[in-house]
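Numbering (UniProt numbering), first residue to last: 1 to 178. Cβ atoms here follow ideal geometry from the backbone N, Cα and C, with glycine treated the same way. The model shown is predicted, which means the values in this text are computed figures rather than measured ones. Each remark here refers to the structure printed beneath this line.
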């Protein structure tokens with residue numbers, strides 16, 4: 001964790017339309033649905049494998065044990081309907097310098113193009129800023145035009161750094177000063 005950053009044990013963020021909060025075990029099926037919707041160009045370790053893994057039970061266990069990858073990826077719940085539509089939060093990354101976190105978000109396809117990703121990401125940026133972070137990163141596949149658009153709206157800029165994968169495409173590195 002970067003110097004001067006204050007960790008928060010349980011984060012709940014609120015926007016006009018959304019509540020961002022820790023995942024509940026009963027919402028594992030939503031996470032699994034996200035896995036099933038992923039573009040086939042996404043690397044295999046982030047998609048459902050040939051044996052159908054991760055299963056809902058495996059995802060339930062990861063939520064129950066609050067594994068580090070899930071503890072700062074908050075469930076995005078629509079306040080009007082109470083349904084969870086994806087996640088948004090911060091992840092630790094070995095790819096970026098100085099222990100700075102990455103912004104990560106993913107929403108169910110049925111709610112795309114409604115501004116939820118931008119709204120949730122803005123709330124996470126405010127949380128990161130108030131927690132003492134000075135800069136955030138985000139990596140995005142070059143072919144993921146929708147996510148690149150969200151990052152541009154919240155003023156992330158492309159750094160020129162990229163990782164080229166022969167099968168999956170080019171991963172772009174973006175950053176934002178807070």
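Point to revise | Beta-bridge pairing of residue 168 - partner residues as DSSP gives them | key: On the chain shown, residue 168 is found 168 positions in, with the first residue counted as 1. According to DSSP, residue 168 bridges with nothing at all.
Check your understanding: If you draw a straight line from the C-alpha of residue 101 to the C-alpha of residue 50, how long is it?
Key -> Counted from its first residue, the chain shown places residue 101 at position 101. Counted from its first residue, the chain shown places residue 50 at position 50. In a straight line, the C-alpha of residue 101 is about 31 Å away from that of residue 50.
Review point. With contact counted as at least three CB pairs below 8 Å, one residue from each stretch, are the stretch 163-174 and the stretch 37-47 in contact?
Key: yes
Exercise for review: Go through the stretch 1-68 residue by residue and report every complete run of the alpha helix (DSSP H) that reaches 4 residues or more, in order.
Suggested key: 28-37, 56-64
Check your understanding: The beta strand (DSSP E) spanning residue 78 covers which residue range?
Key -> Indexing the chain shown from 1 puts residue 78 at position 78. Segment 73-78, the beta strand (DSSP E) holding residue 78.
Exercise for review: My understanding is that residue 121 touches residue 154, with C-beta atoms under 8 Å, so please give their C-beta distance in whole angstroms.
Suggested key: Along the chain shown, read from residue 1 onward, the residue named residue 121 stands at position 121. Along the chain shown, read from residue 1 onward, the residue named residue 154 stands at position 154. Rounded, the Cβ-Cβ distance is 5 Å, consistent with contact.
Exercise for review: Tell me residue 173's beta-bridge partners as DSSP assigns them.
Suggested key: Along the chain shown, read from residue 1 onward, the residue named residue 173 stands at position 173. 139.
Review point. Below 8 Å, can you find three or more Cβ-Cβ pairs linking the stretch 102-113 to the stretch 26-40?
Key: yes
Check your understanding: For residue 173, which option in 88, 141, 126, 91 has the closest C-alpha, if you only look at C-alpha atoms?
Key -> Taking the chain shown and counting its residues from 1, one reaches residue 173 at position 173. Comparing Cα-Cα distances from residue 173 to each of 88, 141, 126, 91, the minimum goes to 141.
Practice item. Please report the residue range of the alpha helix (DSSP H) in which residue 103 lies. Key: Translated into the one-based positions of the chain shown, residue 103 becomes position 103. Element bounds for residue 103: not the alpha helix (DSSP H) but the beta strand (DSSP E), 102-107.
Exercise for review: State the Cα-Cα distance for the pair residue 6 and residue 132, rounded to the nearest angstrom.
Suggested key: The residue labelled residue 6 in the question sits at position 6 within the chain shown. The residue labelled residue 132 in the question sits at position 132 within the chain shown. Because the pLDDT at residue 6 is just 48, under 50, the model does not fix this residue reliably, and the point stays unresolved.
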